[in-house]
Each structure stands twice: as structure tokens, then as C-alpha cells.
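Mind the numbering: the sequence shown is residues 331 to 966 in my numbering, read in order. For each residue, glycine too, the CB sits at the ideal point set by N, CA and C. In this text, all values refer to a predicted model and were calculated from it rather than measured experimentally. Scroll down for the structure; my scribbles are underneath it.
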Amino acid sequence: MIVRTRRRSWCCLRDNQDHGNTQCETIRYHRSQKNVIECNNEESSPARTKRCGRACFYCITYRGGASGASDDYREGKNVKKKKYEALKYTAAALVIAAAGLTGGCAKKASSTERISGVENGTQQEITLAGSEPDASDTGADASGTESSDSQSASSGVLPLEVTTEYNNDWEDNKALLSVKTSQVHLLEKGHEALEKALDTLNQKNLNDQNTFFKENQEDARQMYQEAPEMFEDSHWESELTVMALRADETVVSLQQREYSWLGGAHPNTYSRGICYDTKTGKELSLQDIAADYDGIYDYVCQKLVEENDPDIFFEGYEDTVKAMFYGGEPDYGSVQWFLMNDRVVILFNQYDIAPYAAGQICVEIPFAENAGLFQKQYETSKTSYVKQIQENEIQEADVNGDGKKEAISYTVDRDEYGIGGAITVTCDSTSLNTEKLISQDYGASGGYSSEGYLIHTEDGKTYLYLQHQSDNDAHYINVFDLSKGTPAFVGSLDSSWSGSPITDPECFPLWDRMDVLGTYSAYRIYHIGEGGLPKTDETVYRLGNMYKEYPVTLVSTRELEVTVGNDSSVDSWKQETLPSGTSYTIIATDGESFVEAQLTDGRICRIPVTKAADDWEWKINGVSENDCFEMVPYVG
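Right under this line is the structure:
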């Protein structure tokens, strides 16, 4: 029997603790799902989980470890359908997992250590920005009140949250099959039609992955019995990952990447574009946004020749491109495309017009250089952009405005247990290694896994934001300045973009672990600050979409004096004493003086909280939190 929490987090359990006649094991994921360490085995665990015994309430159990991966329909594999058990996660497990996504130290985001102007491993200046900014620094009034959607509303950017559903099948402590499925949600209200469209997409993707699992689970088990060596270092898997490329009041543009491997010579990857009209929720076609569709087709044909070796293409690929643009050929799919802030990207998947080894082939169509090809309502005047960049991947960008694109990449040194060390950031022929900086700022190091964004701002600056996973599924960010063509380490912070994609430098959510009347993750809206580190104008942290489905609810054991209202205008709220037995569902907090909660009648209240610097518990009107509620759900 295995005890597990969502998002590859693990429980803080005492060894061999009994849960209702169920013997539990705490498992730890070291860097990836492929390396499982049973933490109740002293010899097999090089880095043991800290146990506090407080998280047992949130644990869930399932037999044999269920879940799955997908079949690759493009290879026409015929697989028998078999009965299976679907993995079910409890609400409490989600609470723990979400809290583990951000920092494990509960440090305030504004209290970050910063090392400035460091290039090529040489320290030039060290400064500390450890004090909490006052109201004048954050743009909020001294009372801490603010409009709940102030920054995102003014920017026109829609903050999103991308959560992940996992499913796995295990035997003999070996992973046989795994499935990972992205789920896209709006963080803020006001777009019901779009929310409905995203819900439909989410359910379709879940259904597809569940079908993949059912069709492959029995085959994976049979293959394991016949050839167990195939599962020593890897397992069958399917990942359906959705990445947001643009999200504003006009469109939400997504890239859906479908990856599968079923023991063949190489995995299969397929990307498709999904673009919704924000107001209507309608899925848009390339023709819908085009002003000159024939002109777009001609431009793509021209750039394919100019930007690629002609020998890489299949014979007659021109006919394929035409069929993908204009249809009429049942053997060809439609052309894949993505709408960005400053351009449209046309993508051809592997095997569309070239062999697998050629990879995906893209043609970018910048708005500024191609007037008249697209309808004006879908273009923006922004020169800023955001590009995702994975470890060891190369992204090209003009980082310093000289008209020449530089090749950007990064790698992380890791030890035998996958623990991250120095980061090497490369910009063309110049590299920065952070080994000498780690002793001054541990945030200069990498983690078990890493991902990044290449961010170009409206004022012409270019930054590399890297997010790393560390112990207890905590995440942190480090920032590098590439604007001079030479990488320089700017600093680090304990926040995380977690599942919320960065689509615009002027508006993006970052998440923090909060430990105020419970443990949960909450976000604020940020923009790129003058020196490159993220800056926020908000003082209130808000809980994400996941907590709507799996709320953090407290039930009082005594009367509580709170401030109650019906809207976000706190000035109109009134003091009220609520009776014992009242349910409070947490929705926001400032992290230091109040927790905002929704009541069962729909009203909002603020619970006043205080905590002395040397104290470990919060107090409400001078009374310990533990004497105010039936249970306060903290995670150790």
C-alpha cells in the first residue's frame, strides 16, 4: 500500500504509522517519477523526509498505485480494452500538494536576498532587500485594502492556472505506466463563456487520457511479466501538457503538447494550437483571424524555403502544405498555429513535411513586418514577449537590440541523487556559472528539476527566469539579466509561478506558501521590476481555482468578532460577532493581519489575526487559533 499526495508531493508521516489497519509507506520522488525512494527504509533513502506527524489527516491511500499512460494512435497500435481502477484523490491531499508547490520556508516574497551585477562568476556587488515594503512601495493604501483584480484588470491580461492530474500503475515498486494531464482554469471571474470552453477542453483531455490508460494498462503489465528489463530505467508514459502563450481580453491562445512512449525506438510528440475568443468562448481558426489567408500561405511557403535546408523535406511537401492550409485531402490534418502578442507562429509536426529527425518546423510571422495579413483586432502593438525554455533547449532572441539573435540555453549540475548545484547560463559564446555564488545566495543553485522563461520587456530588457523544484516539492525562482549579451545573476526569491504560465511581462501570478490559519498556496499579480526581479502592487494573496473544488474550511468552536461585507469595498463592511459552529472558507489573506473567508450565505468576512515575532501560533482577538476552530489544517 502506498501513501501519496497530488503533484508528486509526499506526506510527512512517521515511519510505519498505522492508518486504520493500513500500513503506510512514504515515498519520495527524487527528481522524476523514475527514481522512487521509500523513506521508511533507512538504507535506501539518501535524503530522508522530515517527519512531523501533522499531515496524516491529509493522506490518501490506494492499492497497487493506479494510473496510466496513452497509446500512440498515429502508429495504429491495437490494444485490448481492460477493466481498471481509476485513481481518486481526496480534497485534503490537494490542500497539502498545493501548499508544497511554493516555498517551504513561508518567507515573505518581498524579503529576498539579491546579488546584483554578477557576470561570469565574479561578484561585483552584493545588496540585501530584506525589509517589507510599505504601502507606498506596493501601490496599496496603508490599510492593506485593494481591488481584488486591480493589476490584471488594468493590464488586460487574464491570469491562468494550469493544474495537473496524475495517474500511475505500479508493480513490484516499479512504475509501469504513467499519465499526466494538464487542466486549464481562469484565476479570476468575469468570463463565463470562456470558462465553459476551458471546462469542455479539460474534460475531453481527461477522457482521452483515461481511455489511453484503459487500453494500455493490461499490455504494460503483460510486457513487464515478459520483459521486466524494459522497465528498469523507464516506463510507458503519456503526457498531455497545455501551455498558455497569450491570455488577454481578446484571445486565449494555448499550445497542447501530446507526448507518448510505449517502448519504441523513440517517443512521439505532437503539438496543436487552440485559440479561444475570450468574450464568446468560440474556438478560432486561422481563417477567423486572417485578413489575407492566401498571403499567409504564400509567406509560409516562402519562409520554409528560405529558412531551412531543402533536403530535409519529403518529396512533394509543397502539396502537403497546401492541403493542410486549404483542406480537401482526408489524409492531411489542418495546419497548426499559435497567436502570440507580437506574431503568429505556424507549426509543422514531425512527419508532416519532414522526417522525425528534422523535429518540429516553425515559421514565425511578426505583425510589425507583415501588415495586412491578420485582422487588426488580433494584433497588439507590444514589443514584449515571453518564450518558454526547457533545460538544455536552445531559444533564439535578440537580447540586446542589435538586430542579431543570440542562442540562449541553460543547464544545471546535479549529483548522483539528482540534487541541483551550479547553473550554467549561455548567451551565444558567453557563459555564466553560478558555482562561486551559491555560498552567498543558495538561490543561485538549481533544483531537482528546472524550467524557464525568456522574457523581453517593453523597455528592451531581456531576462531569464528559472524555476526549480527543491525538497518537499517546494519551488523557487532565480533571475538572470541577458540585456547586455552577457549573462548576469540578478537574484532569487521563494515564490513560484507554479502552474500559472507567464504570458506577459506586465502581468503574471506568482504563488507563495501561506501558513495563516492553515497551510495553502496563494498568489499575487506581479510585473517585471526595473532591475529584473518581479514586483507587485498588491498586498493581498488570493487562493487559486483548485481551492474552489477543494476548499480550506474552518469551523469555529466559539463566537468570533469579524468584519463582514458583501463586496470588495471594505469601507462598507461592518463588525459582527458570528456564532460558534460557523464555517469559514478561506479565499485570501495579507499574510500578517487578516484572513478573508467566505461564509455559507455568500458574504465575505475578514478574520483579524496577530502573531508575535517569537510565537508559533496565530491569535484571533487574543485567543489562540487552536481554541477558535475544530481543526486548523497545517502541514509540517
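Buried versus exposed call for residue i [16 or more other C-beta atoms within 10 Å across all chains shown]
i	result
histidine 798	buried
valine 635	exposed
alanine 423	Per-residue confidence for alanine 423 stands at a pLDDT of 34, beneath the threshold of 50, marking its modelled position as unreliable; no derived number is given.
proline 864	buried
histidine 565	buried
glutamine 705	exposed
cysteine 958	buried
aspartate 317	Any question about residue 317 goes unanswered here, given that the chain covers just 331 to 966.
glutamate 495	buried
asparagine 671	buried
lysine 791	buried
glutamate 569	buried
cysteine 696	Here residue 696 turns out to be proline, not cysteine, going by the sequence shown. Its Cβ having fewer than 16 others within 10 Å, proline 696 is exposed.
glycine 874	buried
glutamate 443	Unreliable placement is indicated for glutamate 443, whose pLDDT of 33 sits below 50; the coordinate value is still reported in the next sentence. Looking at its Cβ environment, which holds 16 or more other Cβ atoms inside 10 Å, glutamate 443 is buried.
lysine 510	buried
glycine 776	buried
phenylalanine 543	buried
glycine 724	Looking at the sequence provided, one finds isoleucine at residue 724 rather than glycine. With fewer than 16 other Cβ atoms within 10 Å, it is exposed.
proline 881	buried
histidine 805	buried
valine 630	buried
Element boundaries [alpha helix (DSSP H), containing residue i]
i	result
threonine 594	In the sequence under discussion, the amino acid at residue 594 is glycine, which differs from the threonine named in the question. From DSSP, glycine 594 is part of no alpha helix (DSSP H); its letter is neither H nor E.
arginine 551	522-556
glycine 625	623-637
glutamate 879	876-879
valine 939	Taken as a continuous stretch (DSSP letters only), valine 939 belongs to no alpha helix (DSSP H), as it is neither H nor E.
tyrosine 964	Premise fails: tyrosine 964 is in no alpha helix (DSSP H) and is neither H nor E.
lysine 652	647-656
Residues bridged to residue i (per DSSP)
i	result
methionine 844	Tyr850
proline 839	Ile855
tryptophan 667	Ile676
phenylalanine 704	Ala620
glutamate 860	DSSP lists no partner for glutamate 860.
proline 696	Arg673
glycine 750	Arg744
leucine 796	Gly782 and Asn808
aspartate 607	Val581
asparagine 497	Val509
glycine 895	Ile934
isoleucine 691	Phe678
asparagine 763	Thr754
valine 492	Val514
Extent of the continuous beta strand (DSSP E) to which residue i belongs
i	result
lysine 504	504-516
phenylalanine 959	First-last for phenylalanine 959: undefined, no H or E at that position.
methionine 300	No answer is possible for residue 300: it lies beyond the span of the chain, which begins at 331 and ends at 966.
leucine 677	673-678
alanine 918	913-919
aspartate 743	736-744
glutamate 926	924-928
tyrosine 806	805-811
alanine 727	725-727
alanine 818	818-823
asparagine 951	Run containing asparagine 951: none; DSSP gives neither H nor E here.
arginine 872	871-873
leucine 614	It is not in any beta strand (DSSP E) - leucine 614 carries neither H nor E in the DSSP assignment.
lysine 717	715-720
lysine 904	904-908
Whole-angstrom C-beta distance between residue j and residue i, which should lie under 8 Å
i	j	result
leucine 884	valine 962	7 Å
aspartate 845	tyrosine 964	7 Å
tyrosine 740	threonine 754	7 Å
proline 835	isoleucine 855	Rounded, the Cβ-Cβ distance is 12 Å, inconsistent with contact.
arginine 888	serine 910	5 Å
leucine 784	leucine 796	The pair is not a contact, with the Cβ atoms about 10 Å apart (cut-off 8 Å).
phenylalanine 924	isoleucine 937	6 Å
phenylalanine 810	leucine 767	With a Cβ gap of about 11 Å, phenylalanine 810 and leucine 767 do not count as contacting.
glutamate 491	leucine 517	5 Å
leucine 847	tryptophan 948	6 Å
histidine 515	threonine 493	7 Å
tyrosine 606	leucine 524	6 Å
glutamate 891	glutamine 905	6 Å
leucine 488	alanine 550	The pair is not a contact, with the Cβ atoms about 39 Å apart (cut-off 8 Å).
glycine 603	phenylalanine 668	5 Å
Residue i Cβ short of 6 Å to the ligand MN heavy atom set
i	result
glycine 777	Of the ligands one can find in the structure shown there are none, so the ligand MN has no counterpart to examine.
Checklist entry - Counting Cβ pairs closer than 8 Å, one from the region 583-590 and one from the region 642-656, do we hit at least three? => result no
Checklist entry - Are at least three pairs of beta-carbons, each pair with one atom in the region 611-622 and one in the region 684-695, less than 8 Å apart? => result no
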